[in-house]
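Peer 1: Under the working numbering, the first residue of the sequence shown carries the number 2, and numbering increases by one thereafter.
Beta carbons: idealized from backbone N, C-alpha and C, even for Gly.
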Amino acid sequence: MYTTMKSINSRPELFSFYTVDELWNDDYTAQRMLDLHLTADNDISSRKVNFITESVSWIIRYFSLGSESSVCDFGCGPGYYTTALARSGARVTGIDISANSLEYARKLAAQEKLDIDYRCQNYLDFSTENTYDLATLIMCDYCALSTQQRRKLLAIFRDILKPSGAILLDVYSLEAFRMVEEKALYEVNLLDGFWSADDYYGFLNTFKYESEQVSLDKYTIFEPERQRVIYNWLQYFSLDSLISEVETGGFEVTGVYSNVAGDAYNPLGSEFAIVATKI
Numbered sequence: 002m003y004t005t006m007k008s009i010n011s012r013p014e015l016f017s018f019y020t021v022d023e024l025w026n027d028d029y030t031a032q033r034m035l036d037l038h039l040t041a042d043n044d045i046s047s048r049k050v051n052f053i054t055e056s057v058s059w060i061i062r063y064f065s066l067g068s069e070s071s072v073c074d075f076g077c078g079p080g081y082y083t084t085a086l087a088r089s090g091a092r093v094t095g096i097d098i099s100a101n102s103l104e105y106a107r108k109l110a111a112q113e114k115l116d117i118d119y120r121c122q123n124y125l126d127f128s129t130e131n132t133y134d135l136a137t138l139i140m141c142d143y144c145a146l147s148t149q150q151r152r153k154l155l156a157i158f159r160d161i162l163k164p165s166g167a168i169l170l171d172v173y174s175l176e177a178f179r180m181v182e183e184k185a186l187y188e189v190n191l192l193d194g195f196w197s198a199d200d201y202y203g204f205l206n207t208f209k210y211e212s213e214q215v216s217l218d219k220y221t222i223f224e225p226e227r228q229r230v231i232y233n234w235l236q237y238f239s240l241d242s243l244i245s246e247v248e249t250g251g252f253e254v255t256g257v258y259s260n261v262a263g264d265a266y267n268p269l270g271s272e273f274a275i276v277a278t279k280i
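1. Which residue comes first and which comes last in the beta strand (DSSP E) that contains W234?
2. Since V57 is in the alpha helix (DSSP H), which residue starts that stretch and which ends it?
3. In whole angstroms, give me the CA-to-CA distance for T148 and V93.
4. What span of residues does the alpha helix (DSSP H) with V21 cover, start to end?
5. Using the Cβ count rule (16 or more neighbours within 10 Å means buried), how would you classify L18?
6. Assign V172 to one of two classes, buried (16 or more other C-beta atoms within 10 Å of its C-beta) or exposed (fewer than that).
7. Classify D199 as helix, strand or coil using the three-state DSSP reduction.
8. Since Y237 and F178 are thought to touch, with beta carbons under 8 angstroms apart, how far apart are those beta carbons, to the nearest angstrom?
9. Measure the beta-carbon distance from G166 to L135 and round it to whole angstroms, keeping in mind my assumption that it falls under 8 angstroms.
10. With 16 as the cutoff for other CB atoms within 10 Å, does L269 come out buried or exposed?
11. State the beta-bridge partners of G95 as determined by DSSP.
12. DSSP state of S102, grouped into three classes?
13. Short check: CB of L205 to CB of Y220, under 7 angstroms?
14. What are the start and end residues of the alpha helix (DSSP H) that includes D28?
15. Could you round the C-beta distance between Y133 and C73 to whole angstroms and report it? I think they count as a contact, below 8 angstroms.
16. Measuring CB to CB, does V261 end up less than 7 angstroms from S56?
17. Under 6 angstroms Cβ to Cβ from T137, same chain only, skipping five residues before and after it: list those, please.
18. With a CB to CB cut of under 7 angstroms and the five nearest residues on each side skipped, what residues in its chain are close to R229?
19. Three or more beta-carbon pairs under 8 angstroms between the segment 248 to 266 and the segment 152 to 165, yes or no?
20. If you count every other CB in all the chains shown that lies within 10 Å of the CB of V189, and 16 or more means buried, which is it?
21. DSSP on S212, reduced to helix/strand/coil?
22. Taking its Cβ as the centre, do 16 or more other Cβ atoms sit within 10 Å of S197, making it buried, or is it exposed?
23. What are the residues that DSSP puts in a beta bridge with D171?
24. Between Q214 and Q112, what straight-line distance do the alpha-carbon atoms span, to the nearest angstrom?
25. Less than 7 angstroms separating the beta-carbons of F1 and I98?
26. So Y124 and R107 are in contact, right, with Cβ under 8 angstroms, and what is the actual spacing, rounded?
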């Protein structure tokens with residue numbers, strides 16, 4: 002028992018595990034994630050509906066999207082952004098690792114007779130012969146990736162964008178990192194049964210990596226027939242560190258905002274967004 006408890010509470014090496022499949026492709030948790038996406042009064046998995054409406058309106062205006070435009074949404078989930086962007090007449094591609102979310106997105110597109118190209122895969126493996134005017138990565142997904150994965154993603158953006166193409170993404174700030182507190186928590190059916198339809202024992206360990214400005218929520222789940230560990234890493238950024246990283250990846254940052262709805266940048270906010278143009 003001591004050895005097990007020590008393992009549960011151990012601090013892993015930075016970004017040493019990547020468990021995105023455990024979260025998004027387990028049948029039960031994938032459905033729970035979709036349920037959270039579709040709950041309009043929270044922003045756990047998707048932004049609230051009113052914010053998405055404002056955000057899409059701003060994106061369409063800012064990037065002058067229309068019938069001659071093309072957009073690729075990375076991590077599109079159940080299609081809130083892709084559906085709304087396609088209504089502008091733009092050619093839209095959505096990529097997501099969750100087959101469950103994409104099934105919902107495809108039904109939504111069919112209801113509105115929208116021709117959206119959905120790809121079910123990890124967007125870090127995405128390749129295409131198509132080129133786009135805009136690539137979006139929303140809901141601070143960029144923060145869940147390691148340095149190497151972010152570098153790879155920026156290279157993918159460069160490959161698929163037209164010469165004057167742009168990216169729009171949001172991230173968590175250092176102000177958000179300062180609010181993170183390390184903790185160790187144990188509960189029966191942790192997170193109100195999120196991890197399994199059957200009874201289970203759940204441990205949550207939150208770690209901070211101060212010098213690297215990274216946090217980790219490590220979930221250890223004990224079920225009758227299996228044990229799982231899910232790692233939720235988050236990188237936090239200063240404006241300077243994000244600009245430096247994106248510019249090293251071959252982009253010029255041309256806009257800084259508080260969010261992907263174009264609100265004025267707030268240096269004390271918990272998130273911020275950038276627009277960067279391919280160079």
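Peer 2: Checking against the coordinates, here is how it stands:
1. Counting from one through the sequence shown, the residue named residue 234 turns up at place 233. Run containing W234: 228 to 238, per the beta strand (DSSP E) assignment.
2. Counted from its first residue, the sequence shown places residue 57 at position 56. Its alpha helix (DSSP H) spans residues 50 to 63.
3. Taking the sequence shown and counting its residues from 1, the one referred to as residue 148 is at position 147. Taking the sequence shown and counting its residues from 1, the one referred to as residue 93 is at position 92. Whole-angstrom Cα-Cα distance: 28 angstroms.
4. Your numbering for residue 21 matches position 20 in the sequence shown. Segment 21 to 25, the alpha helix (DSSP H) holding V21.
5. Taking the sequence shown and counting its residues from 1, the one referred to as residue 18 is at position 17. One point to set straight first is that residue 18 is Phe, not Leu, in the sequence displayed. Classification of F18: exposed, given that the 10 Å Cβ count is below 16.
6. The sequence position of residue 172 within the sequence shown is 171, counting from 1. Buried is the call here.
7. Within the sequence shown, numbered from 1, the residue matching residue 199 stands at position 198. Assigned with DSSP and collapsed to three states, D199 falls in coil, not helix or strand.
8. Counting from one through the sequence shown, the residue named residue 237 turns up at place 236. Counting from one through the sequence shown, the residue named residue 178 turns up at place 177. About 4 angstroms separates the two Cβ atoms, so the contact holds.
9. The residue you call residue 166 lines up with position 165 of the sequence shown. The residue you call residue 135 lines up with position 134 of the sequence shown. G166 to L135, Cβ: 7 angstroms. Contact.
10. Within the sequence shown, the letter at position 268 stands for residue 269. Burial call: exposed.
11. Start at 1 with the first residue of the sequence shown, and residue 95 comes out as number 94. Beta-bridge pairing links G95 to D74, Y119.
12. On the sequence shown, residue 102 is found 101 positions in, with the first residue counted as 1. S102 falls in the helix class under three-state DSSP.
13. If you number the sequence shown from 1, residue 205 lands on position 204. If you number the sequence shown from 1, residue 220 lands on position 219. Yes, they are a contact pair.
14. In the sequence shown, the residue the question calls residue 28 occupies position 27. Element bounds for D28: 28 to 38.
15. Sequence index remark: in the sequence shown, residue 133 carries index 132 (1-based). Sequence index remark: in the sequence shown, residue 73 carries index 72 (1-based). At roughly 5 angstroms, the Cβ-Cβ gap stays under 8 angstroms, so Y133 and C73 are in contact.
16. To locate residue 261, count along the sequence shown from 1; it is residue 260. To locate residue 56, count along the sequence shown from 1; it is residue 55. Yes; because the gap between Cβ atoms is below 7 angstroms, this pair is in contact.
17. Against the sequence shown, residue 137 aligns to sequence position 136. Cβ within range, chain order: D74, L169.
18. The count along the sequence shown starts at 1 and reaches residue 229 at position 228. Hits under 7 angstroms: E23, I222.
19. Enough Cβ pairs lie closer than 8 angstroms, so yes.
20. Locating residue 189 in the sequence shown gives position 188, counting from the first residue. Counting Cβ neighbours within 10 Å, V189 comes out exposed, since fewer than 16 surround it.
21. What you label residue 212 is simply residue 211 of the sequence shown in a count that begins at 1. It is coil, neither helix nor strand.
22. Mapped onto the sequence shown, residue 197 falls at position 196. Here S197 is buried: its Cβ has 16 or more other Cβ atoms, across all protein chains shown, within 10 Å.
23. What you label residue 171 is simply residue 170 of the sequence shown in a count that begins at 1. BP columns for D171 point to A274.
24. Residue mapping note: residue 214 aligns to position 213 of the sequence shown, counting from 1. Residue mapping note: residue 112 aligns to position 111 of the sequence shown, counting from 1. As the crow flies, the alpha-carbon of Q214 is around 43 angstroms from that of Q112.
25. With the chain covering 2 to 280 only, the question about residue 1 has no answer from this structure.
26. By one-based count along the sequence shown, residue 124 stands at place 123. By one-based count along the sequence shown, residue 107 stands at place 106. About 17 angstroms; that fails the 8 angstroms criterion.
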